[in-house]
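Structure first, then comments.
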Amino acid sequence: MDSLYEKLGGEDAVNSAVNIFYRKVLKDETISQFFNDTDMNKQIAKQKAFLTMAFGGPNNYTGMDMRKAHAPLVKKGLNESHFNAVAGHLQATLEELGVAADLVKEVMVVAGSTHDDILGL
Ligand code: HEM
Numbered sequence: 001m002d003s004l005y006e007k008l009g010g011e012d013a014v015n016s017a018v019n020i021f022y023r024k025v026l027k028d029e030t031i032s033q034f035f036n037d038t039d040m041n042k043q044i045a046k047q048k049a050f051l052t053m054a055f056g057g058p059n060n061y062t063g064m065d066m067r068k069a070h071a072p073l074v075k076k077g078l079n080e081s082h083f084n085a086v087a088g089h090l091q092a093t094l095e096e097l098g099v100a101a102d103l104v105k106e107v108m109v110v111a112g113s114t115h116d117d118i119l120g121l
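Each residue of the sequence shown is one higher than the one before, starting from 1 at the first, in the numbering used here.
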């Protein structure tokens, strides 16, 4: 069976989604402050590699695990509402790109699986 990565449209689809996703994240004043000191070109590349792996595509992710990567943000107050805002931007991005509803659901399950690690729970 095709992986979620392949069903979404592979590298081009993930690249477009991540680019649009971070445009939305940076425009959202409830969460953009977390990225003030972030090199967004590097962040976009890491997120592309992470999601590619998480969706069952090629594993070229060399970044930190989700708990470690977000621990400094939890110290700065990262909480449920921030997580939900980010998840919402991911969902809206996929919907805008015309991804089928059942695949959007699958992506949101993958994103949801990171919830406890991201929030340090
Ligand atoms: C669906 C949930 C999320 C996923 C899959 C995710 C994914 C990632 C990945 C792959 C990295 C790179 C780790 C590394 O540097 O090695 C990262 C770092 C980061 N994430 Fe997330 N993230 C999520 C949620 C969030 C949320 C809710 C926020 C804040 C609103 C956030 C803000 C950041 C920031 C600021 C960094 C560090 C960037 C830097 O190094 O300056 N992330 N995330």
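All C-beta atoms, glycine included, are put in the ideal place defined by N, C-alpha and C.
query	result
DSSP state of serine 113 mapped onto helix, strand, coil	coil
Threonine 114: CB within 6 Å of a non-hydrogen atom of ligand 1	yes
Sufficient close CB pairs (3 or more, under 8 Å) joining the stretch 98-117 to the stretch 27-45	no
CB contact flag (valine 14, threonine 52, <7 Å)	yes
Alpha helix (DSSP H) segment containing alanine 69, residue limits	66-75
For threonine 62, the three-state DSSP class (helix, strand or coil)	coil
Distance between asparagine 60 and alanine 49 (C-alpha atoms, nearest Å)	6 Å
Proximity test, glycine 88 beta-carbon vs ligand 1 heavy atom, cut-off 6 Å	no
Terminal residues of the alpha helix (DSSP H) in which leucine 121 lies	Leucine 121 -> no alpha helix (DSSP H), and no H or E assigned at all.
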